[in-house]
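Enquirer:
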Amino acid sequence: MKPILVFQTDFTYLEGAVCAMYGVVKSVDRELEIIDGTHELPQFDIWSASYRLNQSMRFWPKGTIFVSVVDPGVGTSRRACVAKTSDGYYVVTPDNGALTHIKAFSGIDEVREIDESINRLRHKGTESVNIFHGRDLFGYCAARLASGIITYEQVGKAYPVGEIVTLKLREPELIEHGIAGIFEIDDPNFGNLWTNIPLKQFLPIFPYASEPLVTVLNKGKTVFEKRVRFCRSYGEVEKGAVLLYNNELNRIAMAISQGSLVKKFNLGYGDDWEVRFTR
43 MKPILVFQTD FTYLEGAVCA MYGVVKSVDR ELEIIDGTHE LPQFDIWSAS
93 YRLNQSMRFW PKGTIFVSVV DPGVGTSRRA CVAKTSDGYY VVTPDNGALT
143 HIKAFSGIDE VREIDESINR LRHKGTESVN IFHGRDLFGY CAARLASGII
193 TYEQVGKAYP VGEIVTLKLR EPELIEHGIA GIFEIDDPNF GNLWTNIPLK
243 QFLPIFPYAS EPLVTVLNKG KTVFEKRVRF CRSYGEVEKG AVLLYNNELN
293 RIAMAISQGS LVKKFNLGYG DDWEVRFTR
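In this note's numbering, the protein residues as written are 43 to 321.
1) Out of Asn260, Leu309, Thr118, state which residue places its alpha-carbon closest to the alpha-carbon of Asp228.
2) Quick check: what's the CA-CA separation for Leu163 versus Leu291?
3) Touching or not, the segment 54-63 and the segment 112-120, by the rule of three or more beta carbon pairs under 8 Å?
4) May I ask you to report which of helix, strand or coil DSSP gives Thr142?
5) Checking the sheet assignment: what are the DSSP bridge partners for Asn238?
6) DSSP state of Arg177, grouped into three classes?
7) Are the CB atoms of Val66 and Gly139 within a distance shorter than 9 Å?
8) Alpha carbon to alpha carbon, how far is Phe225 from Gly233? Give it in angstroms, no decimals.
9) Would a C-beta distance cut-off of 9 Å place Val258 and Val197 closer than the cut-off?
10) Compare the beta carbon distance of Val134 and Phe174 with 9 Å and say whether it is the shorter of the two.
11) Run through DSSP, which three-state label would Asn96 get?
12) To the nearest angstrom, report how far apart Phe319 and Leu235 are at their CA atoms.
13) Could you give the distance in angstroms between the alpha-carbon of Tyr93 and the alpha-carbon of Arg120?
14) Quick one: using the 10 Å Cβ neighbour count with 16 as the cut-off for buried, is Gln50 buried or exposed?
15) Starting from the C-beta of Asp129, find all residues in its chain whose C-beta is less than 6 Å away, skip the five residues before and the five after it, and write them out in chain order.
16) Need the endpoints of the beta strand (DSSP E) that Ser128 sits in, please.
17) Tell me whether the beta-carbon of Val256 lies closer than 9 Å to the beta-carbon of Gly176.
18) Compute the beta-carbon to beta-carbon distance between Asp313 and Asn260, rounded to the nearest angstrom, for a pair I have assumed lies under 8 Å.
19) Assign Ile217 to one of three DSSP states: helix, strand, or coil.
20) Flag this pair as yes or no: are the beta carbons of Ile46 and Ala185 separated by less than 9 Å?
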């Protein structure tokens with residue numbers, strides 16, 4: 043069976059960019075199956091592209107080819123690549139930090155720079171276009187690879203895995219009477235915030251039903267401080283109550299039951315958003 047193609051971008055569906063990418067794929071091989079990961083990634087947010095790849099990849103059949111296009115440097119000298127992961131997937135992406143989480147948590151065995159002289163769309167009026175590599179390079183190359191027109195080795199020249207561009211990953215740390223980390227991503231539809239603290243590190247300190255003191259700091263300034271119950275599910279607290287829970291990636295997260303934590307308390311994620319849990 044031919045590999046499935048899974049696309050994620052920050053393009054949205056407001057215009058025809060996604061449609062054009064899929065048209066290129068089907069022009070290469072009508073049998074190829076295309077699935078949407080998301081096209082609602084925050085604009086230019088390479089961190090989110092990296093995180094979302096790691097969030098979903100392991101649940102797909104081995105051999106699936108992911109096309110991830112969040113590319114503020116399109117048309118510049120940044121590399122365009124196809125990475126082969128240690129657990130059997132391929133990622134077609136700009137090498138701009140989007141491979142950070144996959145490299146750290148799954149491992150990358152090999153990475154190849156896309157040879158644009160072979161694996162770039164150069165007809166249908168695209169020859170002079172430098173700002174749509176999602177269509178003309180990543181989508182086209184991914185389709186050729188998935189269809190079997192090219193082998194992985196024919197993508198282009200391999201380069202050292204150590205040269206892959208990565209973003210800074212923060213590790214949680216034990217502190218007096220507790221543990222600290224950051225909010226590293228949100229659950230945008232529900233307004234929840236996910237930390238970088240694994241359940242296995244949190245649970246020995248704070249068992250279920252405990253109520254650690256949660257202190258959130260933005261650029262060092264305390265913006266939220268409250269004791270919050272650690273729950274197995276949202277239904278353990280009343281509607282509108284703040285809770286802690288173990289999310290789908292086995293990391294500690296914070297939410298409001300049937301409400302938006304982000305909106306109510308004006309909270310966010312990233313390096314500037316430290317969260318501390320203490321007894």
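C-beta: ideal position from N, C-alpha, C; glycine also.
Expert: The relevant details are as follows:
1) Leu309
2) About 37 Å.
3) no
4) DSSP places Thr142 within a helical segment (H, G or I) once states are collapsed to three.
5) According to DSSP, which records beta bridges pairwise, Asn238 is partnered with nothing at all.
6) Arg177 sits in a helix when the DSSP states are folded into three classes.
7) no
8) In this structure, the straight-line span from the alpha carbon of Gly233 to that of Phe225 is close to 12 Å.
9) Against a cut-off of 9 Å, the Cβ pair of Val197 and Val258 comes out as no contact.
10) no
11) Of the three classes helix, strand and coil, the one that applies to Asn96 here is helix, per DSSP.
12) 14 Å
13) 20 Å
14) buried
15) Ser148
16) Segment: none, Ser128 is in no beta strand (DSSP E) and carries neither H nor E.
17) Their beta carbons are not under 9 Å apart, which means Val256 does not touch Gly176 by this criterion.
18) Contact doesn't hold; Cβ gap of about 11 Å is too wide.
19) Judged by DSSP in its simplified three-state form, Ile217 adopts strand.
20) no
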